[in-house]
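Protein chains in written order, with our numbering: chain A, 1 to 498; chain B, 1 to 476; chain C, 1 to 636; chain D, 1 to 189; chain E, 1 to 101. C-beta: ideal position from N, C-alpha, C; glycine also. In what follows, a structure is listed as structure tokens, so that the remarks can point back to it.
In structure tokens, the structure reads:
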């Protein structure tokens, strides 16, 4: 079944790519959008079913495997656990909304939907993959698809931004590949099977070699996450990307980095992670504060949200640093930090995804991302204001919304391990509060400039999509047990909580 | 010992090669005898020849692995696989050439030369003897010079051919001295004689001899320092020939190089650092020179140089990694179709080569654009294309062989390479065409698409190839 | 009964209000009715003390329950909110539905805060209270200034919230869970961290020094909002938290003294600010800070019971005063105390306000006087200077209470045309005034035990002289007022216009915060953003310089070795240098881009190697052979 | 067998001749003369080869070069700048680099010759050499021989294809260029 | 006539050939340099065959191969010179520099 979640969108993408451009669906973008949305929803349904069947045993469940390149120990292996299931489900949800979201198709609807569906399959595949080779395949392919999405449907200096994104993240994927190979070479028998590698722990006590492999992985994941100072590809890519692509980029692609940290680095090289966890924590705090401070000064809506992404991914990293630290006696706190980091990935995906979609809608209406060009929009666009407000508050960590559930756990968990880092990082939430309140104030409050007297409110498709995301954000915020239970089934055993 | 009998038996070992020889003669006779309107049939004969030779080769795969012709030639899987790649490339070249050379009155003998050039590469892949190596190289290069200059009214073609020739003649002549020295040291010319004869050798004679032989091979490979012909040929030679010459001789040379380095005395001759340095400089130079090319064919030429550099990583790992041969063969099997998908696009677009002329290709010719993009992505090493598996294996064996720094250099180069590939792909996919973009004929288009399809197929279903390559024996 | 019902009831009502927004007539009654229902539930809950647990995950359990001082608070909150909401429903016209829904949500959040039995739940309620207050303060959103004030208020309290996060984390670290119940078992240093975090959170929420100025910003909201926020809810949360948790943290040696110090400083500073202020609502706001300072003193002195009593009495009279002030402001259209004196025009309001002012001044036999007395007793027991300072604060209280009453509802021109309050407004005032008076029952002998039981705290045994001292302060205060009135300096207190703004605005504290925190943050932010846009200009320069150096070296050396082929090399070395300088001159942005540009330059350079001249290629090949042989010879 | 002294003397003569004439190839002002110097050099080398016992190879070399040099002289007269091919000319570039390269090559190979450590296993009976070569050609080196044959065939075809001015169907060059970018240009081309 | 002496002669011829190949502008002269290189190689081969390889007939065969190389390269060289001269009127390397970079 999980396989279908990956391949249904992939196959649909292939079919769409082969359809004629001037007849049938190719000539009816609206109908095409509906079809694409329905296809995109299939993985969501499959993952929902998988969720219902999830038992939380602590290991990988619902594993599906088939030999691929057995000579090299490569197989197609997919499965879920408490870490990958929420991320995959979030991905599927975000894709449904992103695909259904209205956007300027530039006369190439088939290619647009084909690429998005392709990216959906690939992204879900990445989170479900239980084989390093498969993981890397999905990792790399996602970059290519995103490159074309930004380049073809972006605006501004889209091609340059797309190229920068592609070059930069590809530059990150190569150390990753080298590290994977370095790790692979130490397994015995040689295999790319994640579960087997985690069992083998081939690099335990491997000294410098393990450290080199570690930093290979680290750089690869850090660029994608991104961790300051490897973040400079992010703002231009976001600003010039079309709204849905931005949403996917922030919501899904960034998570690949943090997911990789947990799934590979922390699981396969726990010793080295513990060795460097304080350093990672410091980097995380720098990301948090730096991202927030830079965001505070932004006048461009999308850049602002992009930098808050840097900030939020910093929270994730902080939680991971604490979760992987070699501090005995704080297993409960470390498990909570890990749970919090994972939930933050999900929450940030939904919230920032929504914020980027909103940015896209604002651009469609106003033609600019400059915040100061707006003001008093509450007069004209109540739904827009309400949904933006909801997401902004979610992003700044308001209780009752998803971000809080994540952040409180990250801070509480980290405080037990690295009190000073946690204390410093906490300043970040005051800054984010300032960022978003200022943003809300400048966009929606005050008096309406003359030129926006005809500013249209969100229309149905937008409201439906954002509403869906909002509903999940509220659901996670109000009653997170269904999510936390699943994540905890991974986090508890991971840190060795008794 | 009954020499006659053994000779007949040996002939069975070179049936595919004999087929090519015979096919070449038949094509030549046909070309001489047939009327002008029938000249294009020569191409079909050549195509059939490659098919028959390939079929015969397939039959030999996994068979008894022996040296034949008194140790001068290998009948092993390595050679057979190389032969299959070469024959596939030759067939693709023929398909690309048919419409391209349709107006050329010397259309017929072109295919003879092509077949013999392929034969040169095939023999190079199978050679286990310095004599055979020299002759095979001569056959391969000699025909190559002519093919490169086959557009006799094109000044670029003539220039490319001349430069190709001059560099080749120099390199070959130098190689002769190297061969002479090695012969003097070992007392024999077969590789097995070298491996025993050189075992105790050392000193300047060995170093000079090996250096000069390597120089000859770098010419065939298009590797530093005898690389400058590659971009010129890629740009100036007839486009199908450019595709052929940047790929086929390389296959033979890589395989011979593999056999050659394996017989060098490990105790006194550390050849791996040399190959590693050559690999690093070749890939780096090729990539850097690509960056600002505004001529797509020339860009492909330089990228062929850089690809050679990646391939050399497998040579470095020979004997140090159990997957080195796999990596080498997979690299070749991935590189050749990608090269043909790229050059095939150029051929199908009637030789369109100025970068600016590719603006908006995606809207005018989506299939060709797709093929071009796939080939470039395969060059970069994006999964799930075969170029990715190749690069993965190359990185793997380099790390395993203790040459992690080389893998890092290759990785950095890969990132650099994205830039120039994207310089072509981006305007092609995002731009709007300025005018119509007519194609040459269906044959090249289908060939291109087929080559691109092979990239996907061998990338996704890599297991059969990996398995075959891993179990391939390498005789010397 | 599930304690979750308490916050849910007003929340459901809020949703209902939004749904009924088209039926204007129903909105008010629904809102008020729901609060009455909530009040009923709360009384029930206070009697039954329900408790429940909600599992978030196997690691996190939320515990909710009505316990300890929470029993009083859950009743107090809806009881105070009901008249205020009723008042709001009748007076506010602009965005009334939103205002009422938000007020109900606010009450719900406050109730959630009160039923919290662990830090996560507390944080949820705590932050929601903050966020809804942001929306309430910024209710008049058309004016950008209101939005700014709301943001200021929210950010200040959120800064305090960090303390709560820290306390939560420390509790987890020290006990493995978030529940309050575990705090006593937390070891060092976690207990100290918890104490520090809670002190920070409480001080910020209760508008203690140095966080006090946000209360002024909060005055940007409509009057009922101010009444709601400053009486029993937002501000009360801090004091409530301390009353609830201070006993468990009392073993931390510096904890209680620090609370007391913060409290007394605020009480004195707030008293001064309130005494000199001329803005009606700000005077009341400053007095709120001061009154909460007294509660902190009580807690710091070890008598949570006194603080609890003070909280309750303060809730009643302060909301009364705010509503009265609101009526007055509404009547004259300004908040400037110099323009009021409505005693003759609105006598009923004046009487109600008078009751509140007397309570604020701590005049017996009102309940407020009793609680103040209890605080003094506690302070006496703790330390003498503290007691004296407390008495001084009391004196200030008499002054600002009396001054407010005299300025706002003193005898003035009876014929002024003003807007008169409606029946509901008067009823609300009446209810609150009755409550204030009703709290006089605290003077009954049995009350002390009851208070101790309800707050789960103890009262200090008072001495008779303390009562006398209190009376003396009242009389002294009255004399001061009389003096000021006589000299006509009641409004100005004899302070020049030049010094007044700073004094009035929290003794210049906001300016200090702006200079020390806000500006540096924004400045740093802008600087970083600029840097981020063009990171590491220096990196580019260094790269360029390096390239130039290298090419110069190449140009120098190579020409000697091989002339022709490398003359080309020298040529592009120069070109590189040139290009590098161009790059340098342009002063480009990022280090990454610089690397890219460096590679690009290398690309140009390596193309120059391909001169097109065969004999150059021959040289390259020859050099190559030598190099190959050399590498072979060297490497072993 | 010749007297060793005679052999040595002959070797010295041939050696000096080979080197001097070889050097003169690039130190003459006429291409035709250069060609004949080259021929002389080859002849001298052929002589040394005969001295070394490779009679067949030596003679073949001399004969082959004689023919080749004639062709070369003709080509020069045909295509070179000065039709007579006899006029003085100096057409040299990067002389210094070339000289250095030549000297380096000489020194390196001389070092190889002096310190190469080649085994000292002289041919047992040089008189059998030619017969051995015959057997080798048709025996052990059969494949090499055949390959060389194919190579020569291919060379002939190739040389004709490139250089031949007249084809079977009139001028060999018609249509011998790239297809035009636009098909309609084909008609006019 | 020691092996070393012959090898030095061969080295000299090879060196002169290298000089010629690198210094001559004219294609034909350049080819002569290459011829001389082969000449040297051939001489080295023969002496090694005779003195070091024990008269292994493979050496003579290699000599035949060398001569084949010489012949083939010369033949093709002349053909290409003819072709280049026809389209480009070029007889020296400097005239062929359209393809570069």
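Cβ of residue i within 9 angstroms of any chain E Cβ
i	result
residue 626 of chain C	no
residue 244 of chain B	no
residue 351 of chain B	no
residue 539 of chain C	Any reading at residue 539 of chain C needs caution, since the residue's pLDDT is 42, under 50, leaving its predicted position unreliable; the model's value is listed next. No, no contact with chain E.
Start and end residues, beta strand (DSSP E) containing residue i
i	result
residue 233 of chain A	Neither: residue 233 of chain A is in no beta strand (DSSP E) and is coded neither H nor E.
residue 73 of chain B	73-75
residue 150 of chain B	Looking at the DSSP string, residue 150 of chain B is not in any beta strand (DSSP E), and its letter there is neither H nor E.
CB contact check: residue i to chain A, cutoff 9 angstroms
i	result
residue 452 of chain C	no
residue 532 of chain C	yes
CB contact check: residue i to chain D, cutoff 9 angstroms
i	result
residue 76 of chain E	yes
residue 634 of chain C	no
residue 447 of chain B	no
Cβ distance (whole Å) where residue i is taken to contact residue j below 8 angstroms
i	j	result
residue 166 of chain C	residue 104 of chain C	That pair is no contact at about 31 angstroms.
residue 80 of chain E	residue 162 of chain B	5 angstroms
residue 465 of chain B	residue 330 of chain B	6 angstroms
residue 271 of chain B	residue 632 of chain C	7 angstroms
Endpoints, alpha helix (DSSP H) assigned at residue i
i	result
residue 10 of chain A	2-18
residue 65 of chain C	Looking at the DSSP string, residue 65 of chain C is not in any alpha helix (DSSP H); the run it does join, the beta strand (DSSP E), is 60-65.
residue 405 of chain C	384-409
CB contact check: residue i to chain C, cutoff 9 angstroms
i	result
residue 98 of chain E	yes
Chain B within 9 angstroms of residue i, Cβ atoms only
i	result
residue 124 of chain C	no
residue 26 of chain E	no
(message) Closer than 8 angstroms between beta carbons: that is the criterion. Which residues of the segment 181-211 of chain B meet it against chain C?
(response) 204, 207, 208, 210 and 211
(message) Any contact between the segment 274-287 of chain A and the segment 336-349 of chain A? By contact I mean 3 or more CB pairs, one from each, below 8 angstroms.
(response) no
(request) Return the residues of the segment 377-394 of chain B that lie within a Cβ-Cβ distance of less than 9 angstroms from chain A, sorted by chain order. (result) 377, 380, 381, 382, 383, 384, 388, 389, 391, 392 and 393
(message) Across the segment 274-292 of chain C and the segment 375-382 of chain C, are there enough close Cβ pairs to call them in contact, namely three or more that are closer than 8 angstroms?
(response) no
(message) By the 9 angstroms beta-carbon criterion, what residues does the segment 167-182 of chain B contribute toward chain E?
(response) 168, 169, 170, 172, 173, 174, 175, 176, 177, 178, 179, 180 and 181
(request) Please confirm if the segment 439-449 of chain A is in contact with the segment 192-199 of chain C, defined as three or more CB-CB distances below 8 angstroms between the two stretches. (result) no
(message) Under 8 angstroms: do the segment 57-75 of chain A and the segment 146-154 of chain A share three or more Cβ pairs, one atom per stretch?
(response) no
(message) I want to know whether the segment 435-445 of chain B touches the segment 303-311 of chain B - three or more CB-CB distances under 8 angstroms.
(response) no
(message) Output needed in chain order: residues of the segment 593-609 of chain C with a Cβ under 7 angstroms from some Cβ in chain B.
(response) 599, 600, 602, 603, 604, 606 and 607
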